[in-house]
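In what follows, a single structure is set out as structure tokens and then discussed.
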Amino acid sequence: MFRFKYLVVTLLGLFLVGCASEKPQLSVKTSSKNNTAKLGETVKLSLNNPDGISINAINYLLEGKTVTESLKLNNKLGKQDLIANVISGKDTIVAESNLIVLNNKRPDLYTYEIVNTYPHDVTSYTQGLEFYKGELYESTGQFGKSKLRKVDYKTGEVLNNINLNSGYFAEGLTILNDKIYQLTWKADTGIIYDVNTFEKLGIFRYNDSKEGWGLCNDGNVLYKSDGTEKIWTLNTSTLTEDDKIQIYTNKGKIGRLNELEWVNGKIYANIYENTGIAIINPENGATEGVIDFTPITKLIPNYSSDDNVLNGIAYNPDTDTIFITGKRWDKLFEVKIVKK
Numbered sequence: 000m001f002r003f004k005y006l007v008v009t010l011l012g013l014f015l016v017g018c019a020s021e022k023p024q025l026s027v028k029t030s031s032k033n034n035t036a037k038l039g040e041t042v043k044l045s046l047n048n049p050d051g052i053s054i055n056a057i058n059y060l061l062e063g064k065t066v067t068e069s070l071k072l073n074n075k076l077g078k079q080d081l082i083a084n085v086i087s088g089k090d091t092i093v094a095e096s097n098l099i100v101l102n103n104k105r106p107d108l109y110t111y112e113i114v115n116t117y118p119h120d121v122t123s124y125t126q127g128l129e130f131y132k133g134e135l136y137e138s139t140g141q142f143g144k145s146k147l148r149k150v151d152y153k154t155g156e157v158l159n160n161i162n163l164n165s166g167y168f169a170e171g172l173t174i175l176n177d178k179i180y181q182l183t184w185k186a187d188t189g190i191i192y193d194v195n196t197f198e199k200l201g202i203f204r205y206n207d208s209k210e211g212w213g214l215c216n217d218g219n220v221l222y223k224s225d226g227t228e229k230i231w232t233l234n235t236s237t238l239t240e241d242d243k244i245q246i247y248t249n250k251g252k253i254g255r256l257n258e259l260e261w262v263n264g265k266i267y268a269n270i271y272e273n274t275g276i277a278i279i280n281p282e283n284g285a286t287e288g289v290i291d292f293t294p295i296t297k298l299i300p301n302y303s304s305d306d307n308v309l310n311g312i313a314y315n316p317d318t319d320t321i322f323i324t325g326k327r328w329d330k331l332f333e334v335k336i337v338k339k
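Be aware that the sequence shown starts at 0, since it is given in numbering that gives the first Met the number 0, and climbs by one per residue.
In structure tokens:
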């Protein structure tokens, strides 16, 4: 009886393997090496069909949008889903792949000139920094030490302050239409306040991103980083993450994006534990420039590359200057950006 059962199981297993092998093995091929191409290039799409199945029609899609077999890359950068819906007789077979789109130009290099230096609270683990109607607002992190505050940037005096619940690790903030939007790190929670009173107006959740890092706005929508190469676009009515860009150079992605600031149509982004700030095209995710702030860290007595790092960008339209600080830094720098 044992040998009979063993024989039945063995034959059944061979039958299932044989059936599985009959499924057509299709995949999407591209003319680009390692499925990686640059913006502006034309990529030829084709189907790898090793079993030689009959094909009635093929519909190619890139990020859910129908494309032709000759695809010119004028879309967003980053890793993108490439799919072929293959009609074979009465069946539809889905072949999947990815295409990585890089920028076609290396980032421009920038440096800075210090205009003024102001005091900064060394207890503030700076996560978000932004000017609104001439006033400076700051979000600071750490469990049990997170705060939202309004600061006189010239003196360092705290004009308004609230402490967050000890379970929240505060992250970036931005202000739009008299509302402050503040992120928390791993709590899947953003908090909304009245900018004049700091009264809590509500909360919102993250739907696709896993964490909250940086936040800025262009006057209409919010842009949110999550510690990866992605920046999400939030609808201000629903606060859902409706879209995203992926931040790439001509070589590859830039990850660990942290504090964000909207400056004259571009997104400026701190890169966590890095002394550079990326200048990003919000339309396609291209890193168009990098500002090297390495020398400024030499002016911070307690700077460290893995703790008290550069983090905090605020553009003041009244002075057309940028304000830079870091986690637990004793200084706030007003700077002008200069192209190398």
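Ideal placement from N, C-alpha and C gives every residue a C-beta, glycine not left out.
Could you tell me which whole beta strand (DSSP E) segments of length 3 or greater appear in the stretch 253–317?
List check, beta strand (DSSP E) in window: 256–262, 265–270, 275–279, 286–291 and 309–315.
DSSP three-state label for Ser209, please.
For the sequence presented, residue 209 should be read as Lys rather than Ser. It is coil, neither helix nor strand.
Would you tell me roughly how many angstroms separate the C-alpha atoms of Phe197 and Asn176, rounded to the nearest one?
Phe197 and Asn176: Cα-Cα distance of roughly 14 Å.
Helix, strand or coil for Lys32, going by three-state DSSP, please let me know.
Here Lys32 sits in helix by DSSP.
Pairs of beta-carbons, one from the stretch 286–300 and one from the stretch 103–118, closer than 8 Å: are there three or more?
The stretch 286–300 is in contact with the stretch 103–118.
Alpha carbon to alpha carbon, how far is Gly171 from Trp212?
So the alpha carbons of these two residues sit roughly 6 Å apart.
Per DSSP, what are the beta-bridge partners of Leu76 in this structure?
BP columns for Leu76 are empty, so no partner.
Could you check whether Gly226 and Leu200 sit closer than 9 Å to each other, using their CB atoms as the reference points?
No; because the gap between Cβ atoms is not below 9 Å, this pair is not in contact.
Between the stretch 273–281 and the stretch 238–254, can you find at least three pairs of beta-carbon atoms closer than 8 Å?
Yes, they touch.
Quick one: what's got a C-beta closer than 8 Å to Asn307's C-beta in the same chain, skipping five residues either side?
Cβ neighbours of Asn307 beyond the five flanking positions: Ile299, Asn301, Gly325, Lys326, Arg327 and Trp328.
Contact criterion: CB-CB distance below 9 Å. Does Leu158 meet it with respect to chain C?
Given the protein chain composition of this structure (a single chain), no chain C is represented.
Which of the three DSSP states, helix, strand or coil, is assigned to Gly218?
Three-state result, Gly218: coil.
Tell me which residues share the same chain as Tyr136 and place their Cβ nearer than 6 Å to its Cβ, disregarding the 5 neighbours each side in the sequence.
Answer for Tyr136: Glu129 and Lys149, listed in chain order.
Enumerate in chain order the residues of its own chain whose CB-to-CB distance from Tyr152 is below 8 Å, with the five nearest sequence positions on each side excluded.
Only Tyr117, Leu135, Phe322 and Leu331 meet the Cβ criterion.
If I measure Cβ to Cβ from Glu333 and keep anything under 6 Å in the same chain, skipping five residues before and after, which residues do I get?
Val114, Asn115, Thr320 and Phe322.
Figure out for me which residue from Ala169, Asp120, Thr154 and Asn159 has the closest Cα to the Cα of Lys144.
Nearest C-alpha to Lys144: Ala169.
Of the residues Ser165, Asn47, Asn74 and Gln24, which one's Cα is nearest the Cα of Thr41?
Answer by Cα proximity: Asn74.
Taking only the alpha-carbon atoms, compute the straight-line gap between Val16 and Gln24 and give it to the nearest angstrom.
Interpretation of Val16 is limited by its pLDDT of 42, a score under 50 that renders its predicted location unreliable; no figure is taken from the coordinates.
For Asn47, which residues from the same chain have a beta carbon less than 6 Å from its beta carbon, with the 5 sequence-adjacent residues on both sides left out?
Counting only Cβ-Cβ distances below 6 Å, and skipping sequence neighbours, we find Ser26 and Lys28.
To the nearest angstrom, how far is the alpha carbon of Lys209 from that of Asp187?
Computed Cα separation, rounded: 7 Å.
Just confirm the distance between the C-beta atoms of Thr232 and Asp241, as a whole number of angstroms; I'd bet it's less than 8 Å.
Correct: roughly 6 Å between the Cβ atoms.
Would you list the residues sitting across from Lys326 in a DSSP beta bridge?
Per DSSP, Tyr124.
In the DSSP assignment, what residue or residues form a beta bridge with Arg148?
Per DSSP, Glu137 and Asn160.
Suppose the cutoff is 8 Å on Cβ atoms and the five residues either side in sequence are ignored; what does the same chain contact list for Ala36 look like?
Only Thr29, Val42, Leu72, Leu98, Ile99, Val100 and Leu101 meet the Cβ criterion.
Would DSSP call Val194 helix, strand or coil?
Coil.
Indicate whether Tyr205 and Lys178 have their beta-carbon atoms separated by less than 9 Å.
For Tyr205 and Lys178, no; Cβs fall outside 9 Å.
Mapping DSSP to helix, strand and coil, what is Gln24?
Coil at Gln24, not helix or strand.
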